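Read the sequence shown against my numbering and you will find it ends at 1328, with the numbers running on by one and no gaps. We treat Cβ as the ideally placed atom computed from N, Cα and C, and that holds for glycine. On a predicted model such as this, the values are computed, not experimentally measured, just so you know. Report on one structure; see the data block that follows.
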Amino acid sequence: MAKDNVSGNSVSNAGDINGDGFDDVIIGARFDGSNNTYFGSSYVVFGQAAGFDRMLDLSSLDGSNGFRLDAPYIGLYYFSGSDAGDINGDGFDDVIIGAYGADMYGTPPFNGASYVVFGRSSGFSADINLSSLDGSNGFRLDGITLRSVSVSSAGDVNGDGFDDVIVGVLGAAPSGFQSGSSYVVFGKASGFDSTMNLSSLNGDDGFRLDGVASRDNSGTSVSSAGDVNGDGFADVIIGATGVDSNADFSGSSYVVFGRASGFSAAMELSSLDGNNGFRLDGLSENDFLGSSVSNAGDINGDGFADLIIGASGANTNASGSSYVVFGRAAGFAAAMDVSNLDGSNGFRLDGGSTVCNAGDVNGDDLDDLIVGAISGDPDGDFSGSSYVIFGKTSGFAATLNLSSLDGNDGFRLDGVAAYDQLGISVSSAGDVNSDGFDDLVIGARLADPNGDRSGSSYVIFGGDFITGEAAYRGTAGDDNLVGTILAERFEAGDGNDRMDGRGGADIFHGDGGDDTIAVADLDFQQVEGGIGTDTLELTGKGINLDLANFHDTIDGIETIDLTGSGDNTLTLTLPDLLSLSDTTNTFTVNGNAGDHVVGLLDGWTDAGFEGNYRIFANSGTTLQVDRAVHTEVSIPTTGVINLTDLDGNNGFRLDGAASGDLSGRSVSNAGDVNGDGFDDVIIGAPNTYQVGSRTDLNSSYVVFGKASGFDAELNLSSLDGNNGFRLSGVTADDLSGWSVSSAGDINGDGIDDVIIGATRGDSNGTFSGSSYVVFGKASGFAADMDLSNLDGNNGFRLDGVVAFDYSGTSVSNAGDVNGDGFDDVIVSAPFADPNGEISGSSYVVFGRASGFTATLNLANLDGSNGFRLNGEAAYDFFGWSVSNAGDVNGDGFADLIAGASGADPNGNYSGSGYVVFGKSAGFDAMLNLSNLDGNNGFRLDGVVAFDYSGTSVSNAGDVNGDGFDDVIVSAPFADPNGEISGSSYVVFGRASGFTVTLNLANLDGNNGFRLDGAMEDDRAGYSVSGAGDVNGDGFDDLLVGAPFADPNGYSSGSTYVVFGKASGFTATLNLANLNLNDSNGIRLDGATEDDRTGASVSSAGDVNGDGFDDLLVGAPRADPNGNYSGSSYVIFGRSDFTGGGVDFPGTPGDDVFTGTSAAESFEGGDGNDRMIGRGGADSFNAGVGNDYIRILGDDFQFVDGGLGADI
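What follows is the structure, given as structure tokens:
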């Protein structure tokens, strides 16, 4: 750096801008001339685990250790820089820089500006000119007047999942000269222009907060306030030093509460009334309360964010005071005088006025504060000091003089030389070296390291400031640090280190690498694993580690090893696990026989064994327990059925013919196509992957039901016309079978028909798409039917309108929409452009007795033979999924439901579903969905951006038995239990009272309910369907596919069956909690890795005629006959699913199981079990213990002895 740069004029934590796991810092140099024009610069310095020199010259930043941000205009004059949070939701923290005058030649000159720079993982050059921001790498916020001097992250003010920013413009004049304004700008995922003018904020993209009176200087300082009132929304605080609340320039600060919606473009700070925020008033003339404002973290540990406000002119000789105000749930008055702080509601700090939250500097799990005092003279006039004040849970006096800090309640940091002005800016630095302690950054803008007033900034590492240096300090390599029985401190370096405490009140910090921390007892003070996958190892015996007692002591741990020198016990609950690590929700317990895990109560799902571990899941958290460890569980019977257990008696598997068929990509009940009284099924095999010279591409298969005689597997290539038949696509690239469905009885001959979508057919231009309706008949089916032979007598083709409509993407029976006694069909074209590009259309085609031609162009629907439904706006993708909705309003006409997964009612791609009511007559050729008014249908709106609600939609049957059909709408990219865990929404039908729109967030158990995916990346709801009445209780049930779930390997997939009932629905049901004890459902697990079981789900009707509806589940990437040949599973309904598909489930004791000659499954428990098979395709999984397995014959499926000495 160089003379007069004034580096350190502003300092701040920058978050983790490069995503390497270390917090970074940003330092402003107001008059920096590094770019040769004295425009001003800011410097971002990257954190790292170790290897810091005592001094770093900012001119040495080269892109790998940090970078410089250069002003684009002369006179820009940086005043503040700050972490901006993650404003674009990409997982990297961003920064914001405020500038005094961004354009000295503008009109008026020196209009202020602020710059948001997006973080990223790499690709930083040594210097970045802010003029290069183009919307993709950041953007500029243009002020409307002089002096945009304060910027900060605002937190997530509107609760949309994106961090927001706040910009203070004290020179604005909404209520008189320099009354001041502050601007909150909402974050979003994308769509940033290179420039945004703050005057354009309209309430949807942000809002303005206006000062009350002339010379208030509102916006002098701005900051996130944290969540002061505990309502889940971040609040903001604004300093207004010129307010004359109790005397001239006594000053005020304003706290404005966040909320979900309802922001107008501008808000008068005078309107704060205690409910929407409140005002804090300074005491005396020239106190200048609000000269510095900040979130204080949670300094008293009560769960509410606190505030700290500086008053630069207060106290003796204007040495400054600061006021800490405690957050609370309610009871805020419109105004509060800071003289009323009494220790219970906050307190005053005398000496110093530059304020900030310090994070947890001393590692006691309470936030601390830092206060700068530039007028301090410890090493000469204005050398400056900064004070760190430790948080505590109670015992605050009304006033604390900073000169009284004694090391136990805080400490002082002194400037080096006269006129350094240490403390002109202070901030938490985050955890720069990732040692588990938050660090500090302090500016000394007039220090002289490289010439007069070149400036310095100091980063001070957090630590245990009472006990001092570590007794054992690691290196950058792999270290083995061994302690004694005394109380000691361990600081590991970057390697994969082992720290063996040997007992005592030890403190462990793992830092970087995959570390192991070994403890002989539970007397340790702190265990901090740091970055990496870290293990806490119990080396003693007889230890009972109850994690409930260590929430504030153990952090950064992903594995616990119980092995030790004897038997140990781990007691845990879900909150206990979640407190262990900030980086993962997957935890591992290792150990051996004799060790115990206890505490797994309701809410956990036993997902079975995977390798050497038993897997438990709960609300997005996974616990892997070594199968040798005895796990005491109180988990309801889950009713998990492994689809590998289907044996012909309980269901069967349908296998794709050859590699690349993707059989099971679409599955559906076909109705009774051959009129024999048994329901049939249809399987789509669109064959995206052409293999060799094969010509039998793009097929669909109809498989006939029957009373009995099902084998465990059926190869679809074996269909011969008697047991089913194949429907062959017309051309190799038309993707016939992309979607399949029953068509109902469209021609009224008493036999059900089917419909097949060929979304890339070219009848009216490239990929215009076609759909084929094939009539059922009593007999005379050949093994193969070519869809090109449909002639109007045996079926007909429905042609898409124009190129690239992709008509046939989704097809379905529509029921009898117009009440003429004939079933209708619905065909989607989600890429059609009726109301903008890819707004989407869907076509309803009426059934009739005769008069079908070989082809019907969907453009010719005129209201008498059918009609078109048009999506509302560009990129809605309306028709991505379509279905019969049943009779939702009970008027005797079938209704329709269609999804528009790209619609934006509550943020980009939040998605919508549309229910359109049937009627007897009066259909126009076209219905614009914007015309739905609650009488002719209604819209179901997704909850938040990128949920993609409407990806799959279906009639749900009558789930609650009230006589009205219900619907189900999926949002597979919702995040209820981790990213894209997925949700699905069931909306109850009723006779009347429908509004134009229903926000799916408003389902409360009375009007419907939400089904939440179990774990991150499950994408539950990728496919949804009504299941019919699977368990025969008189209520219709539901199917929810989660093809990316991992029950038997990565993306093996699961499908959830949710049972209907008369009442007692809560607003949400976590699919992980389905269990037979509560009679709420079962889970069907895919066979092997990457099968994607559940990619398509459907009721199968009653395939075997036993009075129970059956289920149909597609696994298009299964490999029964080559890669991605695909499989589909038919699961027979029954009244009792107890046992979860395991005929003989074991207990923790010694069990004796004797089978029969049928195919049966044996699942041993923890004891020494005896399992005797009597023949048949039996499967044995012995589990833990010394087990005995007897087989009769050689037709068993598999034998796994598990652990122990097995025979």
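Residue i - DSSP class collapsed to helix/strand/coil
i	result
G136	strand
N318	strand
P1097	strand
V459	helix
T437	helix
D766	helix
Y199	Caution applies to Y199, whose pLDDT of 47 falls short of 50 and renders its modelled position unreliable; the value that the coordinates give is listed next. Note: Y199 maps to strand in three-state DSSP.
N910	helix
D1230	coil
S181	helix
G154	Its pLDDT being 47, under 50, G154 is placed unreliably in this model, and the coordinates cannot settle the point.
N670	helix
S1172	coil
A1193	helix
S1033	strand
N323	coil
Close Cβ partners of residue i (< 8 Å) along its chain, the five nearest in sequence each way excluded
i	result
E679	G650, T654, D655, T656, L701, S702, T704, T705, T707, F708, T709
T1346	Because the chain spans 122 through 1328 in this model, residue 1346 falls outside it and cannot be assessed.
D621	N601, L602, V603, G604, A639, T660
I876	V861, S862, S863, A864, S892, Y893, V894, V895, V932, S933, N934, V946, V948
Own chain, CB closer than 6 Å to residue i, minus 5 neighbours either side, in chain order
i	result
T660	A639, A641, G685
V788	I804, S1217, S1219, L1233, G1235, S1249
D1321	N1302
G168	F143, D144, D145, V553
N318	D263
F1265	F1274, F1283
G1174	P1164, A1166, G1207, D1212, R1213, T1214, G1215
G583	V482, F558, D559, D560
D1354	As shown, the chain starts at 122 and ends at 1328. That puts residue 1354 outside it, with no answer to give.
Buried/exposed call for residue i, threshold 16 Cβ in 10 Å
i	result
P1241	buried
T605	exposed
M176	exposed
E612	buried
I1328	exposed
T1214	buried
T765	buried
S1200	exposed
Y236	buried
Y1035	buried
E406	exposed
T1118	exposed
P696	exposed
beta-carbon residue i near the ligand MN non-hydrogen atom, thresh 7 Å
i	result
N529	Of ligands this structure carries none, so the ligand MN is not represented either.
8 Å contact criterion, which residue i and residue j should meet: CB distance rounded
i	j	result
A1390	D1158	This structure leaves residue 1390 out entirely; the chain is present only between 122 and 1328.
V445	G467	5 Å
D486	G480	Not quite, the Cβ-Cβ distance comes to about 11 Å (not below 8 Å), so this is no contact.
A346	L291	So it is not a contact: roughly 18 Å between Cβ atoms.
F213	G256	16 Å between Cβ atoms; not a contact.
Close-in-space but distant-in-sequence residues of the same chain around residue i (CB under 7 Å, 5 per side omitted)
i	result
V1224	F799, D800, V802, G826, D1231, V1251
S1144	S1073, G1162, G1215, A1216, S1217, V1218
T976	F917, R918, D920
is_contact[residue i, chain D] using C-beta, thresh 8 Å
i	result
D419	No chain D appears in the structure shown, which is made up of a single protein chain.
DSSP bridge partner residues for residue i (one or two, in chain order)
i	result
F1301	F1283, V1320
F708	L744
G846	The question names Gly, but residue 846 in the sequence shown is Phe. Partner(s): V823.
S1144	G1162
E612	R594, H630
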